[in-house]
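Before any comments, here is the structure.
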Amino acid sequence: NAGVTQTPKFQVLKTGQSMTLQCAQDMNHEYMSWYRQDPGMGLRLIHYSVGAGITDQGEVPNGYNVSRSTTEDFPLRLLSAAPSQTSVYFCASSSFSDRGLNGYTFGSGTRLTVV
Amino acid sequence: DQQVKQNSPSLSVQEGRISILNCDYTNSMFDYFLWYKKYPAEGPTFLISISSIKDKNEDGRFTVFLNKSAKHLSLHIVPSQPGDSAVYFCAAGGAAGNKLTFGGGTRVLVKP
């Protein structure tokens, strides 16, 4: 099925470890983004990309890196995990042609716990 | 500084009655607004949207109302069904490309 695929679904990390959350979409969407969801805070934008080779920071970028070498993939890297990064992470994509009014397509999320 | 706020963290409603969810925003540059629905352990799914040039958009049981002068939007669900029990997020976009700004969410419980 077409959509946004995130892996892994669950991850436990120790403080200081690094890891990469994977995100892939097969809809040829130009725009991809990463959000984190925390209780009462809604979804906050970490990083986004408007196309291959182009990335930019969102609202809460510290401690995270991204790259966009292909249209399909947009991995999120945690450089040195901290307990404050315990959260649920969502990847989303959209096409510029249906820009806002048709919404994003979200992945099913990665639940990350940092101990 | 939250640009999009949902002031009610939860809402309980009887099956068959109307659910009204509210959302306020501060950035006058937003030019479209969306509602997403989220079940546990799933990603948010798009529900309905409205452009700032309209004041109402309807899709089946779901209607979104926009009051630009008050910087306020609401989602009406009529009639509410048990399957509507979920967390609902409002979002706003247009101030900067495809970026969306989300509210904190409202958890809706529809009682049979």
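These protein sequence lines are chains A and B, in that order. Going by the numbering used here, the first sequence opens with residue 1320, and the numbers climb by one from there. Going by the numbering used here, the second sequence opens with residue 170, and the numbers climb by one from there. Glycine included, every Cβ here is placed at the ideal spot set by N, Cα and C. Keep in mind that this is a model prediction, so the values were computed, not measured.
Sheet register partners of residue i (DSSP bridge)
i, result
"B:I189", "B:H245"
"A:A1411", "A:S1352, A:F1425"
"B:I217", "B:W204"
"A:Q1370", "The sequence given here has Gly at residue 1370 of chain A, not Gln. BP columns for A:G1370 point to A:I1373."
"B:Q175", "In DSSP, B:Q175 forms no bridge with anything."
"B:E227", "B:T232"
"A:R1396", "A:T1339, A:N1384"
"B:S181", "B:L278"
"A:F1329", "A:R1430"
Own chain residues within Cβ distance below 6 Å of residue i, not counting five before or after
i, result
"A:T1432", "V1331, T1405"
"B:V256", "K207, G274, R276"
"A:T1339", "P1394, R1396"
"B:F202", "I219, L242, A261"
"B:T232", "H245"
"B:T270", "Q172, V173, A261"
"A:M1351", "S1368, F1393, S1412"
Listed by chain order, chain B residues near residue i by CB distance under 7 Å
i, result
"A:G1426", "G212"
"A:S1413", "N267"
"A:Y1383", "Chain B residues near A:Y1383: none, gap ~16 Å exceeds 7 Å."
Assigned exposure category for residue i - 16 Cβ within 10 Å defines buried
i, result
"A:N1347", "exposed"
"A:R1355", "buried"
"B:N173", "The sequence shown places Val at residue 173 of chain B, rather than the Asn named in the question. Classification of B:V173: buried, given that the 10 Å Cβ count is 16 or more."
"A:R1451", "With chain A running from 1320 to 1434 in the structure shown, residue 1451 of chain A is simply not present."
"A:V1434", "exposed"
"B:N267", "buried"
"A:T1317", "With chain A covering 1320 to 1434 only, the question about residue 1317 of chain A has no answer from this structure."
"B:D181", "Note on identity: in this sequence residue 181 of chain B is Ser, with Asp being the wrong assignment. Flag for B:S181 reads exposed."
Partners in chain A for residue i, counting only beta-carbon separations shorter than 9 Å
i, result
"B:I243", "The identity of residue 243 of chain B in the sequence shown is Ser, whereas the question assumes Ile. What B:S243 touches in chain A: nothing, since even the nearest Cβ is about 17 Å away."
8 Å Cβ cut-off: residues of chain A touching residue i
i, result
"B:P178", "G1359"
Beta-carbon proximity list for residue i, same chain, < 8 Å, skipping 5 on both sides
i, result
"A:S1337", "R1396, L1397, L1398, S1399, A1400"
Beta-carbon neighbours of residue i, restricted to chain B and to distances below 8 Å
i, result
"A:Y1408", "Near A:Y1408 there are no residues of chain B at all, since even the closest Cβ is about 10 Å away, more than 8 Å."
8 Å Cβ cutoff, residue i in contact with chain C
i, result
"B:L190", "In the structure shown, chain C does not exist; the protein chains are A and B."
Contacting residues, own chain, Cβ-Cβ under 7 Å from residue i (five flanking each side not counted)
i, result
"B:S254", "V277, L278, V279"
"A:E1380", "Residue identity check: residue 1380 of chain A is Pro in the sequence provided, not Glu. If we look at A:P1380 and ignore the five residues flanking it on each side, its Cβ neighbours are I1365, H1366."
"B:Y194", "Q172, V173, K240, A261"
"B:I189", "S243, H245"
Under 7 Å by beta carbon: chain A residues contacting residue i
i, result
"B:G274", "G1361"
*Below 7 Å between beta carbons is the criterion; list the residues of the segment 216–236 of chain B that meet it against any residue of chain A, in chain order.*
S218, S220
*Under 7 Å (Cβ pairs) to chain B, residues found in the segment 1364–1376 of chain A*: L1364, Y1367, V1369
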